[in-house]
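Residue numbers (my numbering): 804 to 1080.
Glycine residues also receive a C-beta, built at the ideal position from the N, C-alpha and C atoms.
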C-alpha cells in the first residue's frame, strides 16, 4: 500500500491528472447533451423503420426503450473518459522514464513485479475515481431530465445498476491497459500519441473492416466479432438492454478482462527483464 500511495502521489504532484480530468468533464457534458437529445428524439414518438433491414429495424425499436436510453445517459462520457484513463495509466509508467526516476524507484524496491503491481492498482484506482466523479454528475442530471420529460429513469432496476457497475469495471480495466501500454512503449510522447491514434482511428477502422467483411461475405455473425475491439466491448457492457444482433453484455466484460490479464502479465514480464538504465 505504501507503493500504491507513492504512485498516486506521483500523479497528484503533476498537472497532468487535472488537465485530463478537465478534458473528461468537458467531453462528459457534450456526451450527455448528445445523449439527451437522442433520448428525447427516440422516446418522444414512434420510430419509422419502414425500408430498414429486419435486424436494423429491430435494433431501432429496441433502443426506443426508457431503460436503454436511461442507461445510456447514466453512463454518458464513457468513450472519451476511458481514453483519459488510458492516458493516465500510461503516464503512471512513462513518467518514471520521462523524469528519470525509474532507477531510483527500482533501487528502493528491487522486486520489480511488486512495483508493477502497485502501478496497476494505482491506475485501477484512478479509473475508479474518474468513474465515481462522472457517475455522481450523470445520475442526478439524468433523473432531472427524465422527470422533466415525464419518463421513468428506472434507477434501481437491475438493468440500470448492471450498466453502471459494468461501467466501473470498464474504467478500472482501461487504467490497467494504460500501464501495460506504457511498459511496452517507454517514450511518454510516443506512447500517448500511439494510444490516441489507436483508440480514435483504430476503433473506427476495425469496425469498418468488420462491416465490410459482413457485407462482402453476407454473414451476419462477422459483425459480432467487432466486440474484440476493446472500445466496442466497453460500449457493449453499458447497454441497458440487449439489442437484437448484438452479443450479450457479459461478452464485452470477458473481452476486457482478458485484455487486462494479458497486458498486466506482459507488463510485469517486460519490466522484470528490461534494462532500466
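Point to revise | Beta-carbon spacing of residue 917, residue 806 below 8 angstroms | key: Looking up residue 917 in the chain shown gives position 114. Looking up residue 806 in the chain shown gives position 3. Yes, these two residues count as a Cβ contact at 8 angstroms.
**Study point:** Candidates 848, 871, 819 and 1014: closest to residue 1042 by CA position
**Key:** What you label residue 1042 is simply residue 239 of the chain shown in a count that begins at 1. Among 848, 871, 819 and 1014, the Cα nearest to that of residue 1042 belongs to 871.
Check your understanding: How would you call residue 914, buried or exposed, if buried means at least 16 neighbouring beta carbons within 10 angstroms?
Key -> One-based indexing of the chain shown puts residue 914 at position 111. Flag for residue 914 reads exposed.
**Study point:** Start and end residues, alpha helix (DSSP H) containing residue 1033
**Key:** The count along the chain shown starts at 1 and reaches residue 1033 at position 230. Per DSSP, residue 1033 belongs to the alpha helix (DSSP H) from 1033-1040.
**Study point:** Start and end residues, alpha helix (DSSP H) containing residue 930
**Key:** Residue 930 sits at position 127 when you count from the first residue of the chain shown. Taken as a continuous stretch (DSSP letters only), the alpha helix (DSSP H) holding residue 930 covers 915-952.
Exercise for review: Below 8 angstroms on the Cβ atoms is my guess for residue 974 versus residue 828; work out the distance and round it to an integer in Å.
Suggested key: Here the question's residue 974 lines up with position 171 in the chain shown. Here the question's residue 828 lines up with position 25 in the chain shown. Between residue 828 and residue 974 the Cβ distance is about 14 angstroms, and since that is not below 8 angstroms, they are no contact.
Exercise for review: Indicate the three-state DSSP secondary structure (helix, strand or coil) for residue 962 in the structure shown.
Suggested key: Stepping through the chain shown from its first residue, residue 962 is reached at position 159. Three-state DSSP puts residue 962 in a helix.
Point to revise | DSSP three-state assignment for residue 1045, whether helix, strand or coil | key: Position 242 of the chain shown, counted from the start, is the residue given in the question as residue 1045. If DSSP states are grouped into helix, strand and coil, residue 1045 belongs with coil.
Check your understanding: Do residue 900 and residue 808 have their C-beta atoms closer together than 8 angstroms?
Key -> As a first step, residue 900 is located in the chain shown; it is residue number 97 there, counting from the start. As a first step, residue 808 is located in the chain shown; it is residue number 5 there, counting from the start. Not closer than 8 angstroms, so no.
Review point. Between which two residues does the alpha helix (DSSP H) containing residue 1076 stretch?
Key: For the purposes of this step, residue 1076 is taken as residue 273 along the chain shown, with counting starting at 1. Per DSSP, residue 1076 belongs to the alpha helix (DSSP H) from 1052-1076.
Exercise for review: Please state if the CB of residue 895 and the CB of residue 992 are separated by a distance shorter than 8 angstroms.
Suggested key: Locating residue 992 in the chain shown gives position 189, where the first residue counts as 1. Locating residue 895 in the chain shown gives position 92, where the first residue counts as 1. No, they are not a contact pair.
Exercise for review: Locate the alpha helix (DSSP H) running through residue 1009, then write down its first and last residues.
Suggested key: Within the chain shown, residue 1009 is the residue found at index 206, counting from 1. Its alpha helix (DSSP H) spans residues 1006-1020.
Practice item. Tell me whether residue 995 is buried or exposed, calling it buried when 16 or more other Cβ atoms sit within 10 Å of its Cβ. Key: Your numbering for residue 995 matches position 192 in the chain shown. It is buried - the Cβ of residue 995 has at least 16 other Cβ atoms within 10 Å.
Exercise for review: Measure the beta-carbon distance from residue 931 to residue 946 and round it to whole angstroms, keeping in mind my assumption that it falls under 8 angstroms.
Suggested key: Residue mapping note: residue 931 aligns to position 128 of the chain shown, counting from 1. Residue mapping note: residue 946 aligns to position 143 of the chain shown, counting from 1. No, residue 931 and residue 946 are not in contact; Cβ-Cβ is about 22 angstroms, not under 8 angstroms.
Practice item. Just confirm the distance between the C-beta atoms of residue 1032 and residue 1009, as a whole number of angstroms; I'd bet it's less than 8 angstroms. Key: Reading the chain shown from its first residue, position 229 is the one you call residue 1032. Reading the chain shown from its first residue, position 206 is the one you call residue 1009. The pair is a contact, with the Cβ atoms about 5 angstroms apart (cut-off 8 angstroms).
Review point. With 16 other CB atoms within 10 Å as the buried threshold, where does residue 1053 fall?
Key: Counted from its first residue, the chain shown places residue 1053 at position 250. Classification of residue 1053: exposed, given that the 10 Å Cβ count is below 16.
Practice item. Taking 8 angstroms as the cut-off, decide whether the C-beta atoms of residue 835 and residue 887 are in contact. Key: Your numbering for residue 835 matches position 32 in the chain shown. Your numbering for residue 887 matches position 84 in the chain shown. Not a contact, by the Cβ cut-off of 8 angstroms.
**Study point:** Rounded C-alpha distance that separates residue 966 from residue 904
**Key:** Here the question's residue 966 lines up with position 163 in the chain shown. Here the question's residue 904 lines up with position 101 in the chain shown. Distance between the alpha carbons of residue 966 and residue 904: 39 angstroms.
**Study point:** Beta-carbon proximity list for residue 811, same chain, < 8 angstroms, skipping 5 on both sides
**Key:** Taking the first residue of the chain shown as 1, we reach residue 811 at position 8. Result list for residue 811: 925, 928 and 929, in chain order.
Review point. Using CA coordinates, which residue listed in 1062, 817 and 875 is at the minimum distance from residue 949?
Key: Reading the chain shown from its first residue, position 146 is the one you call residue 949. The residue with the shortest Cα to Cα distance from residue 949 is 875.
Check your understanding: What span of residues does the alpha helix (DSSP H) with residue 903 cover, start to end?
Key -> For the purposes of this step, residue 903 is identified with residue 100 of the chain shown, where counting begins at 1. No alpha helix (DSSP H) contains residue 903, which DSSP labels as neither H nor E.
Review point. Over what stretch of residues does the alpha helix (DSSP H) that includes residue 848 continue unbroken?
Key: Reading the chain shown from its first residue, position 45 is the one you call residue 848. Where residue 848 is concerned, there is no enclosing alpha helix (DSSP H), given that its DSSP letter is neither H nor E.
Review point. Looking only at C-alpha atoms, which of 986, 821 and 997 sits nearest to residue 1073?
Key: In the chain shown, the residue the question calls residue 1073 occupies position 270. With distances taken between Cα atoms, residue 1073 lies closest to 986.
Practice item. Put residue 992 into one of helix, strand or coil per three-state DSSP. Key: Locating residue 992 in the chain shown gives position 189, where the first residue counts as 1. In this structure, residue 992 counts as helix in the three-state DSSP scheme.
**Study point:** Cβ shell of residue 978 (< 6 angstroms), same chain only, five flanking positions each side left out
**Key:** Against the chain shown, residue 978 aligns to sequence position 175. Result list for residue 978: 888, 892, 926, 927, 929 and 930, in chain order.
Check your understanding: Can you give the beta carbon distance from residue 778 to residue 1036, rounded, assuming they're within the 8 angstroms contact cut?
Key -> Examination of residue 778 is not possible in this model, given that the chain is present from 804 through 1080 alone.
Review point. Can you name, in chain order, every residue of its own chain whose Cβ lies under 8 angstroms from the Cβ of residue 1028, other than the five neighbours on each side?
Key: Here residue 1028 refers to the residue found at position 225 when the chain shown is read from its first residue. Result list for residue 1028: 1013, in chain order.
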